[in-house]
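What follows is a set of notes on a single structure, which appears directly below.
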Amino acid sequence: MIGVGLEDEITVNILEKKIQTLKQGGDDFKKYFVMYVCSTFLAPVANRVIDNKIIKYCDNVKEIPNLDWCSYILENLCNAVQRLKNNKNKEARSGISGCILVLQIAYFHHIAFRGHPEPIELPLIKHWTDEKIKTRISKEAKTSFGQGELQKESYPVCAKEGRFNASQHFATRRYVTYEIPSSLFSDIEIHEKARDELEEDLMLLLRYTSLFSMLHADHINAITQRLRDVANRNTILAEEVEIVT
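Here the working numbering is used: the first residue of the sequence shown is 684, the next is one more, and so on.
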């Protein structure tokens, strides 16, 4: 396999060089790419030697899409956490291994920090950049983390659940929802446009003021029109009665 002996180890460096030679793709490219991604990102290995389990999993390229990769990544993370807990020497701890980004994204979307829920379109990773992650961590560090509304209804665990609208679960709960007009900024747009937290809070306050003003204006206009319609019908009815009598 990829030019190494049966007893030799396959390292990340070997995969990198091999992948670069496969310009046309193909089954070998798919196999080596999955091995590489797993070993450097999804289930990273400290010694940069490819796990024998990954090599075995990728042996049959056609079966790769059918394998339970989510469980593999989760198991890898759980094992890493357990190893960290079992390490009694706190000074020797070098941090947790595994795909930390999975935990970060799950946390970011599960907690509406400062009242700003994150987008829920899958895949969730598409909503994040290195800079956005650093900014979120920096802001959360100032509040000791975990300070936000838990998103129990809208956080999608998988693509199947993500297809359902969260509002379906709100029928018996005390929620009032509004669709923000296109003329007003959404929470995400305000968050991206604001230069600092103070400006963001002021923009949110202005948005809420404008929104409720628009909602009340429309409501009042609708009631006024209904009253006029009722008055007009009563006038017509009175005139008809007068003619008859």
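A virtual CB, placed ideally from N, CA and C, is assigned to each residue, including glycine.
Along the chain, where does the beta strand (DSSP E) that runs through residue i open and close?
i       : result
Leu-833 : 831-833
Ile-820 : Element bounds for Ile-820: not the beta strand (DSSP E) but the alpha helix (DSSP H), 813-824.
Phe-791 : Careful: Phe-791 lies outside any beta strand (DSSP E), inside the alpha helix (DSSP H) at 783-793.
Take residue i as the anchor and find which of the options has the nearest alpha-carbon.
i       : options                            : result
Leu-887 : Ile-871, Ser-780, His-902          : Ile-871
Asn-730 : Glu-832, Pro-802, Ser-780, His-793 : Ser-780
Val-720 : Ser-896, Asp-691, Cys-741          : Cys-741
Glu-875 : Gly-709, Lys-768, Lys-815          : Lys-815
Ser-722 : Val-695, Ala-763, Ser-827, Ile-702 : Val-695
Ile-873 : Ser-827, Asp-901, Pro-727, Pro-800 : Pro-800
Tyr-715 : His-810, Asp-734, Lys-706, Ile-702 : Ile-702
Thr-812 : Lys-822, Leu-784, Arg-797, Ser-827 : Leu-784
Ile-693 : Thr-704, Asp-901, Ile-738, Lys-706 : Ile-738
Phe-828 : Glu-746, Arg-797, Asp-711, Asn-917 : Arg-797
Pro-864 : Leu-885, Asp-884, Arg-890          : Arg-890
Pro-727 : Asn-770, Asn-749, Cys-782          : Cys-782
Pro-748 : Asp-710, Lys-809, Leu-767, Asn-762 : Asp-710
Leu-750 : Leu-705, Asn-762, Lys-736          : Lys-736
Under the assumption that residue i contacts residue j (Cβ atoms under 8 angstroms), give the Cβ distance between them as a whole number of angstroms.
i       : j       : result
Leu-786 : Ile-756 : That pair is no contact at about 10 angstroms.
Glu-832 : Ala-795 : 4 angstroms
Leu-867 : Ser-893 : 6 angstroms
Val-744 : Lys-713 : 5 angstroms
Can you have a look at residue i and say buried or exposed, based on whether 16 or more other CB atoms are within 10 angstroms of its CB?
i       : result
Lys-817 : exposed
His-792 : buried
Val-913 : exposed
Val-717 : buried
Leu-760 : buried
Ile-820 : exposed
Leu-881 : exposed
Tyr-858 : Confidence at Tyr-858 is low in this model, with a pLDDT of 47, below 50, so the placement of that residue is unreliable and no value is reported for it.
Ile-906 : exposed
Ala-921 : exposed
Ile-733 : buried
Leu-698 : buried
Gln-851 : Residue placement at Gln-851 is poorly supported in this model, since its pLDDT is 39, which falls under 50; the coordinates still yield a value, given next. Answer is exposed; the Cβ neighbour count stays below 16.
Taking the DSSP output, what are the residues bridged to residue i?
i       : result
Phe-796 : His-799, Gly-831
Val-732 : Thr-694
Which residues mark the beginning and the end of the alpha helix (DSSP H) in which residue i is found?
i       : result
Thr-704 : 695-704
Leu-805 : Where Leu-805 is concerned, there is no enclosing alpha helix (DSSP H), given that its DSSP letter is neither H nor E.
Lys-768 : 752-769
Val-720 : 710-720
Lys-876 : 870-876
Could you tell me whether any Cβ in chain C is nearer than 8 angstroms to the Cβ of residue i?
i       : result
Pro-727 : The structure shown contains no chain C; it holds only a single protein chain.
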